[in-house]
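The structure appears below as C-alpha cells.
Numbering (our numbering), first residue to last: 4 to 94.
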C-alpha cells in the first residue's frame, strides 16, 4: 500500500501533518528573513511570522477591535439593566 504524503501543497495552500516538535514550532513562528505570513508548522494554511513588525501591527489592531467590541457590549448591558419597569401615575 502506498503511504500518503504528510506534507505538501494542495491548490497552492500548504499542509503539514507530520508530528510537530518544539524546535519546528519555534522556528516556524520566528523567521526574520521571511514575510508577514509563513507556512504553519502543523495543519493547513499560513500563520503570522512574529519576527515581522507587520504581524505585531495586525495583532494590535485585532486586539483593539476586540477590546472595543467588548466595551460596547458592557455598555449595552449597563443600559439594559438601567431600563426597568416605569411606574406612571396619572391624576
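No residue lacks a Cβ here, since even glycine has one placed at the ideal position from N, Cα and C. Small disclaimer: the values here were computed from a predicted structure and weren't measured.
Would you list the one or two residues that DSSP bridges to residue 68?
Answer by DSSP bridge pairing: none, since residue 68 is not bridged.
Can you find the residues in the same chain that come closer than 8 Å, C-beta to C-beta, to residue 34, ignoring five residues on each side of it along the sequence?
Apart from the 5 residues on each side of it in sequence, residue 34 sits with its Cβ closer than 8 Å to the Cβ of 41, 52, 54 in its chain, given in chain order.
Check for me: the alpha helix (DSSP H) holding residue 11 runs from which residue to which?
Residue 11: not part of any alpha helix (DSSP H); member of the beta strand (DSSP E) spanning 10-13, first to last residue.
For residue 42, name the three-state secondary structure that DSSP assigns.
DSSP places residue 42 in the strand class (E or B) of the three-state scheme.
Taking residue 6 as the reference, give the member of 17, 21, 49, 16 with the closest Cα.
Nearest option by C-alpha distance: 21.
Can you give me the Cβ contacts of residue 37 inside the same chain, cut-off strictly under 6 Å, excluding the 5 residues immediately before and after it?
The answer, listed in chain order, is 52.
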